[in-house]
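Following: one structure in structure tokens, then a few remarks.
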Amino acid sequence: MAPGSKARSTSRKKPIRLSCDDREKRYRDACDWLRAQPGTLNIRKAVDVFPGISYGTLRNRYLGKHRPARKAHSAQMLLSPEQEQTLVSWMAKDAREAHPWSRVKLKLRVQEMVGRRPSDDWVKAFNRRNADVLRFRTTSGLDPKRAQCFNPTTVAEHFTGVSVGGINYFA
17 MAPGSKARST
27 SRKKPIRLSC
37 DDREKRYRDA
47 CDWLRAQPGT
57 LNIRKAVDVF
67 PGISYGTLRN
77 RYLGKHRPAR
87 KAHSAQMLLS
97 PEQEQTLVSW
107 MAKDAREAHP
117 WSRVKLKLRV
127 QEMVGRRPSD
137 DWVKAFNRRN
147 ADVLRFRTTS
157 GLDPKRAQCF
167 NPTTVAEHFT
177 GVSVGGINYF
187 A
């Protein structure tokens, strides 16, 4: 780089992408590590030891000014974590018995539990949170071989010969 240039170096560290649970675990581990350190508080060193976490967030968590998002917003959640876990277990049990739930059935069951109907966005977020355990029932395409037989001529021929007790209902 030329002297006086304002271009940034390309050797900057890229941020580490962590799942919500992994990030929360790192913050807990970093706070525990800070409590175990004798002497002065060195949050910058903790951020270096536990990459992927924010200095400001770690400081606020350590000082008790900040809680994890799931705990901070627990009053705004439609279902408590225990209710959600019970619902996931129930859905998994029904899926093992060959009766998977649709999105509509999930909405109805949640409405029965809490008295409020969840939105489509809530269902999408629920599916994302539990993607390792659940998959929603979806439609499947028509098999091409079956589709060949499903045409107006074939259907008309089928119903011309249908009669019950000598009465032809489709004549």
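In the working numbering, the protein residues as written are 17 to 187.
Don't be surprised by glycine CBs; every beta carbon is placed ideally from N, CA and C.
**OP:** For the alpha helix (DSSP H) containing Q127, list its first residue and its last residue.
**Re:** 119-130
Original post:
Using the rule of at least 16 other Cβ atoms within 10 Å of the residue's Cβ for burial, across every protein chain shown, is R42 buried or exposed?
Top reply: buried
Original post:
How big is the Cα-Cα spacing for A88 and H82?
Top reply: 8 Å
**OP:** To the nearest angstrom, report how far apart D37 and P84 are at their CA atoms.
**Re:** 10 Å
Original post:
Is the beta carbon of L50 sitting closer than 7 Å to the one on Y78?
Top reply: yes
Subject >> Short Cβ contact (7 Å threshold) for V126 with P116 >> reply: no
Original post:
Where does M107 sit, in a helix, a strand or coil, going by DSSP?
Top reply: helix
Subject >> Host alpha helix (DSSP H) of A141 (start-end) >> reply: 136-145
Subject >> Beta-carbon proximity check, L158 vs M107, cutoff 7 Å >> reply: no
**OP:** Would you mind listing the alpha helix (DSSP H) stretches within the stretch 61-108 that are 4+ residues and don't spill past its ends, in chain order?
**Re:** 71-78, 85-88
**OP:** In the DSSP assignment, find the unbroken alpha helix (DSSP H) run with E173 in it and report its ends.
**Re:** 168-176
**OP:** Report buried or exposed for I32, applying the criterion of at least 16 other Cβ atoms within 10 angstroms of its Cβ.
**Re:** exposed
Original post:
Which residues in the same chain have their Cβ closer than 8 Å to the Cβ of D45, if we skip the five residues on either side of it in sequence?
Top reply: F66
**OP:** Check whether the Cβ atoms of R75 and I59 sit closer than 7 Å, and answer yes or no.
**Re:** yes
**OP:** Would you mind reading off the limits of the alpha helix (DSSP H) that contains D45?
**Re:** 36-52
Original post:
With distances taken from CA atoms, which of V63, L94, Y71 is nearest E128?
Top reply: L94
**OP:** Could you give the DSSP three-state label for R162: helix, strand or coil?
**Re:** helix
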